[in-house]
Amino acid sequence: MFRVLQTCKGVHPLRFWPFLQACCTFSPAATTSLQFISDGYENENKDLDFKLLFSSCTNVHLAKRLHALLVLSGKAQDIFLSTGLVNLYANLGDVSFARHTFDQIQKKNIFTWNSMISAYARVRRYHEAVNCFYQLLLTSRLQPDSYTFPPVLKACGNMVDGKKMHCWVLKLGFEWDVFVAASLVHMYSRFGFLGVARKLFNNMPVRDMGSWNAMISGFCQNGNAAEALDLLDEMRLEGVKMDPVTVVSILPVCALSDDILVGILVHLYSIKHGLESDVFVSNALINMYAKFGNLGHAQRVFDQMEVRDLVSWNSIIAAYEQNEDPITALGLFKEMQLVRIQPDLLTAVSLASIVAQLSDHRNSQSVHGFVARRGWLMEDVIIGNAVADMYAKSGSVDSARRVFEGLPVKDVISWNTLITCYAQNGLASEAIEFYHMMVAHIEIIPNQGTWVSILPAYSHVGALQQGMKIHGRVIKNCLYLDVFVGTCLIDMYGKCGRLDDAMSLFYQVPRKSSVPWNAIISCHGIHGHGEKALKLFKEMMDDGVKPDHVTFVSLLAACSHSGLVDEGQWCFNVMQEKYGIKPSLKHYGSMVDLLGRAGRLDLAYNLIQNMPIQPDASVWGALLGACRIHGNFELGSIASDRLFEVDSENVGYYVLLSNIYANVGKWEGVNKVRSLARERGLKKTPGWSSIEVNNKVDVFYTGNQTHPRCEEIYEELEVLTAKMKSLGYVPDYSFVLQDVEDDEKEHILTSHSERLAIAFGIISTPPKSTIRIFKNLRVCGDCHEATKFISRITEREIIVRDSNRFHHFKNGICSCGDYW
DNA sequence: GTAGGGTTAG
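Here UniProt numbering is used: the first residue of the first sequence is 1, the next is one more, and so on.
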């Protein structure tokens, strides 16, 4: 190599640059040679073309070689060359090496400092950029110039820093520089000081494209769509044309303000003026179309791109992921890897969400590993939250919790994610506990997402008083007009038995979307007010609100609970014919339930037989339930056979079947079901009931013996049972699946969670006051009977909300007409 | 040799 290089003496360095690239490491001989050559070269030609040399360094590796060359040739302290090196490293993204080089330079000039400051700003290490600025002021005798301020102003993280910087600008007299002025405008508008920004903008003696864009993007980043569009108009009137930057600023605002028309106009403008070839413009277009749910247009823009960068791929993947097409999104991710685009943190965020939608536990773990290996979990809270959410959605509560615990920084969304995780996996008490833990961290300020995650948990356990406290906070935070929070509150009041409050809230929130309508219709349904639910549905249609599949699930359930057969069938037809919604398993389940309860078992069975999709356990279960109510043993056994073909796990169905056998006196059948249940080692969903007394929710599990007032509760139940028996109560053992003696069966029935909760209510509230109980499963038939007696004996109203509906017990009668 | 205004997120 030495000899090769020796023969190159006097040759322009660029000529042997490919050769340098080929050398992976410098051997000692090569190092000497390089020194020899550069020395020799310099002797012949004083003006080296280092500018060209710099630009030929396309990666950090080559930059380091050049750096070595400069050091070896004794030029490392040359102020032009060393500043060039700082810039070179900064442009290649290696800011720490830029800093290292910067620190080595003994006599820095303002160019050197400016390069370093802008290097930090470019990689968004804003804090260091500002520090560097102050270091310049304090440690050097140099004065900042007009090039210093634009990056520093960009780096100001808050208005306090920003105002200080503005003072320096004024003090040094750079406020009229067009770059500095535009940076000031942008800074003020970024922090929402739009008035100040506008004033500065108006006072600018010269406005270039950058000034207009600074002002427009300031409005856009504030979500101030109207003002941004006004300014765009103003710009047009002054004869200034949009450039790619303007377009890219304005497109996200179109999506934000739901203005597809302006979006399309801007797209057409971009095509006409050839701006589409700008990668940023195409990327912004993909994002905008994705937000409008228009995947066809997003894909078309993507397909037409000549150059695609990481953001293009991230955008198209997110487009499909956010429009609930995880399969296509995953395919695109694989394609991206094939064209060797390295994924980044944002790709991983989409990936986590894709896997969450696919609810695939094995893939969850590989995504987690993928993210952890790259150290992203430690780097950014967003990806940590996304991974926790992924586990939450696939039902892995423990994994989600572990990810949460491992996060170096937790923000309000991390907490919200975990609260939602517990609430949506049926662990309402844990969700509430977690919320209390969150509130104890004063640095975490609850937001809209917090209310949306905690309110359903309160609804679930019937914590009305605590839910009302949240309502108070929501009003304080002016969020009561938010559709999602409002809907959660409607749902909470409705499910806690306060239908009037739910209604008055309903008429306060915006009702353009189906979301609040679905909630209020469902609330009336579970209260057994089917007529009112239908009336609301008609009101919804009059208001021109488009119902969705959820609306019809609620409506059908409402009709079913109130025995409105014709109306239910009408809904079922309207759904398909008027709104083109294909019935899902849930709709079929509700229809079978509706027909079955009303005694139209033949129609129900017929409907199942003609279903275009495979009936699942809930559909057969609905038929089985109807057979129990109407004592149809034959159809019941058909239903149970088919039911156990598709789901033999759910213990509730065995109870139902056992009860059907018992009602027709087939005791061997009861025994058969019992042994079947035992053989299959059924996994039981633990039944629990809750009651809120004095702002505190107590949760009782079946057979609970750990409650502090446990003894009193069982004593009370014993007294009650004796009184009930004297009034004619006979325990119905067919609701007990365990194969034990009758005494034991009676004990099992007595220790059902709903009875423990009722007994606790009786001993801890004033006589004759109303008792409200919440049960996570359907209320047991024997408990239903017993509660009727208890309401008579204690002269109390007892309201039990189970997983299906409200049961209102008064004077020994239940509002559901015993069709539980 | 140095600068401003631009797209994607839980």
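Positions of the beta carbon are idealized from the N, C-alpha and C atoms, including for glycine.
Computed from a predicted structure; not experimentally measured.
- Annotation: H784 to P547 spans about 35 Å, alpha carbon to alpha carbon.
- Cβ-Cβ separation between D593 and A622: approximately 4 Å, consistent with a contact (criterion under 8 Å).
- CA-CA distance, M204 to L231, rounds to 15 Å.
- Taking C-alpha positions only, C167 is separated from H267 by approximately 41 Å.
- Within 10 angstroms of the beta-carbon of M437 lie fewer than 16 other beta-carbons, which makes it exposed.
- N213 sits close to S249, with the two beta carbons spaced by under 8 Å.
- In the three-state scheme derived from DSSP, where H, G and I count as helix and E and B as strand, V339 is classed as coil.
- CA-to-CA, the gap between L346 and V196 works out to about 34 Å.
- As the crow flies, the alpha-carbon of I475 is around 11 Å from that of Q448.
- For the segment 622 to 686, the full-length alpha helix (DSSP H) segments reaching 4 residues or more read 633 to 646, 651 to 663, 667 to 679 along the chain.
- According to DSSP, S726 shares a beta bridge with no other residue.
- Annotation: the continuous alpha helix (DSSP H) that includes S183 extends over 178 to 190.
- The alpha carbon of E634 has as its nearest neighbour, out of L601, I608, I613, the alpha carbon of L601.
- At a Cβ-Cβ threshold of 8 Å, S803 and S753 do not count as neighbours.
- Residue state for C816 is assigned as coil, using DSSP reduced to three classes.
- Here H273 carries a coil assignment [DSSP, helix/strand/coil].
- Beta-bridge partners assigned by DSSP to D698: I691.
- Looking at the DSSP output, F809 sits in a beta bridge with I798, C814.
- A direct Cα-to-Cα measurement between Q304 and D344 gives close to 23 Å.
- In the structure shown, the three-state DSSP call for I773 is strand.
- Within the same chain, and ignoring the five residues on either side of E430 in sequence, the residues whose Cβ sits closer than 7 Å to its Cβ are Y422.
- Bounds of the alpha helix (DSSP H) holding S399 are 397 to 406.
- Annotated three-state conformation of P205 is coil, per DSSP.
- 8 Å or more divides the Cβ of L88 from the Cβ of L70.
- A Cβ-Cβ distance of about 5 Å is found for the pair E795 and K768, placing them in contact under the 8 Å criterion.
- Shown here, K410 sits in coil according to DSSP, grouped into three states, outside any helix or strand.
- Annotation for E741: no alpha helix (DSSP H) segment contains it, and DSSP assigns it neither H nor E.
- Shown here, E531 sits in a helix according to DSSP, grouped into three states.
- Within 10 angstroms of the beta-carbon of C488 lie 16 or more other beta-carbons, which makes it buried.
- Restricting attention to I79, T246, K75, E128, the CA atom closest to the CA of V95 is found in E128.
- Taking a contact to require three or more Cβ pairs closer than 8 Å, the segment 129 to 137 and the segment 149 to 161 qualify as touching.
- Rounded to the nearest whole angstrom, the C-alpha separation of T765 and E692 is 11 Å.
- Shown here for A598: same chain residues with a beta carbon closer than 8 Å to its own, the five before and five after excluded, namely G563, V565 in chain order.
- In the DSSP annotation of this structure, the continuous segment of the alpha helix (DSSP H) that includes P456 starts and ends at 448 to 461.
- Pairing H471 with A428 gives a Cβ-Cβ distance that is not under 8 Å.
- The C-alpha of H807 is placed about 20 Å away from the C-alpha of Q465.
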